[in-house]
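Heads up: the sequence shown begins at 108 in this note's numbering, then just goes up one per residue. Positions of the beta carbon are idealized from the N, C-alpha and C atoms, including for glycine. This report refers to the structure that appears directly beneath it.
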Amino acid sequence: MSHDHTRRQFLKTSSVAGVGALGALGGVTSASRAQPRAKALDAPGSAVSISSGNGLVAVRRAVERINAGADPVLGVVEGVGIVEADPNDMTVGYGGLPNERGVVQLDASVMHGPTHKAGSVACIENIMHPAAVALKVLQTTDHVMIVGRGAYEFARAHGFPHEELLTERARKAWLRWKQNQSERDDWLDPDQMDWNQDGTEVGAAGEQQPVPFTYGTIHCGAVDTSGSVSACTTTSGLSYKIPGRVGDSPIIGAGMYVDNDIGSAGATGRGEAVIQSCGSFAIVQAMGLGLSPTDACLRVLKSIVSNSKRQKRLMQDAERPGFNVILYALRKDGAYGSAAMFPGARFAVADGSGARLEDCASLFD
Ligand code: ASP
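Pasting the structure below:
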């Protein structure tokens, strides 16, 4: 099943001189300013933005901001910022599920096509907007990646507030995970307790609730009407991970990649598999060789499966992996596509026709 989409009314206006919104990008060098860009407000048509299924609000905001003249990198970071601040999304930012110690550790990366600059942070704690911190790395330093305590201190130096990111809902989910680890440890399962915190009896049937265990992330890519491409990916990563574990999201070329001559790509799902196949870089390269966005995603999923066959524990049978990965691709001309290992996944897209969810293609039935 192919889901390639070419943006309506998309006009290539990259040769049109204009000021654009690069002035807002403090750290972007004069090299980018030397390249004339169309001023989005003066150009007909609309920006296009693609995101994971949890990013409907993000693509809507990104396209609004870019069509109002913002650089795409600012549009995508502001768009994902809405989801980072949403306590109900337990895969990203505030409210994200914590690591095995109960601490929320976040990863994020950003890439700006016109300058080919990238910024990223990993294992950052107590900062709600890691994508905006990654953008500061991109804008204000000669580095690409800052991790852990250094990333936190860098964010604080730039005025990001210190915040507790563990919500009550995420704390209770983490506690249930601890209680369910083993019947032989000192953390009693609800059905091993004689009484619960309300003092009411807990029977043998207990009050077991499912333990939310997730991969989950938001990726967002966008292109403006002059063909400037940017993207970012931000996540709380694998739930209950080993402290210090870094997924694919902050790794340039794995969880996200941009080549301004071709387009952007991003990934959600099992990060280890995406890192080991350089997922987003491979998608952009495949589009550069002429594959459609959807076919590029499907090709990279195939290579992830073939690499995973070398580790039998990752496979549910001889052909199908025991995990999901969802890939997203946006071409410079506004064509877009997304594919998952298995059916049922959706992705978000916004363009001149508004914001909507569409079905991802899938590698397996
Ligand atoms: N890819 C992310 C990670 O491995 C999580 C996810 O997207 O589900 O950290």
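DSSP places Asp466 outside any alpha helix (DSSP H); the residue lies instead in the beta strand (DSSP E), whose first and last residues are Gly461 to Asp466. Note that the C-beta distance between Val254 and Thr342 is not below 8 Å. Going by DSSP, Ser413 is part of no beta strand (DSSP E) but of the alpha helix (DSSP H) stretching over Pro400 to Ser415. Under the three-state reduction of DSSP output, Gln418 falls in the coil class, being neither helix nor strand.
Leaving aside the five residues that flank Leu163 on each side, the residues in its chain whose CB is nearer than 7 Å to its CB run, in chain order, Ala455, Ala462 and Leu464. Measuring C-alpha to C-alpha distances from Thr324 to each of Asp178, Asp193 and Ala258 identifies Asp193 as the nearest. Going by DSSP, Leu434 is part of the beta strand (DSSP E) stretching over Val432 to Arg438.
Annotated three-state conformation of Met235 is coil, per DSSP. In this structure Thr248 is exposed. Its beta-carbon is surrounded by fewer than 16 other beta-carbon atoms within 10 angstroms. Note on geometry: alpha-carbon atoms of Pro450 and Ile234 lie some 34 Å from one another. Rounded to whole angstroms, the Cβ separation of Gln212 and Glu232 is 6 Å, and the two are in contact under 8 Å.
Judged by their CB atoms, Ser153 and Asn174 are nearer to each other than the 8 Å cut-off.
Shortest gap from the CB of Arg453 to any heavy atom of the ligand ASP: 7 Å or more. Counted as a single uninterrupted DSSP element, the alpha helix (DSSP H) harbouring Val391 occupies residues Gly386 to Gly395.
Ranked by Cα distance from His223, the options Ser337, Tyr259 and Asp298 are led by Ser337. Annotated three-state conformation of Arg276 is helix, per DSSP. In terms of CA proximity to Ala442, Val391 leads the group Leu470, Val432, Ser415 and Val391. Residue burial is scored here from C-beta neighbours: Arg291 has fewer than 16 other C-beta atoms within 10 angstroms and is therefore classed as exposed. In terms of Cβ geometry, Ala258 and Val240 form a close pair [threshold 8 Å]. Contact annotation: Thr401 and Gly444 have beta-carbon atoms nearer than 8 Å. Spanning the alpha carbons of Gly202 and Lys348 requires a straight line of approximately 16 Å. Ser415 is the residue among Ser415, Ala457 and Arg453 whose C-alpha sits nearest the C-alpha of Ala425.
Note on Asn206: 16 or more other CB atoms within 10 angstroms of its CB, so buried under the neighbour-count rule. By the beta-carbon neighbour count (other beta carbons within 10 angstroms, threshold 16), Ser413 is exposed.
Exposure of Ser289 is indicated by the presence of fewer than 16 other C-beta atoms within 10 angstroms of its C-beta.
CA-to-CA, the gap between Arg377 and Val432 works out to about 6 Å. No heavy atom of the ligand ASP is found nearer than 7 Å to the CB of Asp472.
Looking at the DSSP output, Ala442 shares a beta bridge with no other residue. CA-to-CA, the gap between Pro357 and Ala215 works out to about 5 Å. Here Leu295 carries a coil assignment [DSSP, helix/strand/coil]. The Cβ atoms of Gln286 and Asp301 do not sit closer than 8 Å to each other.
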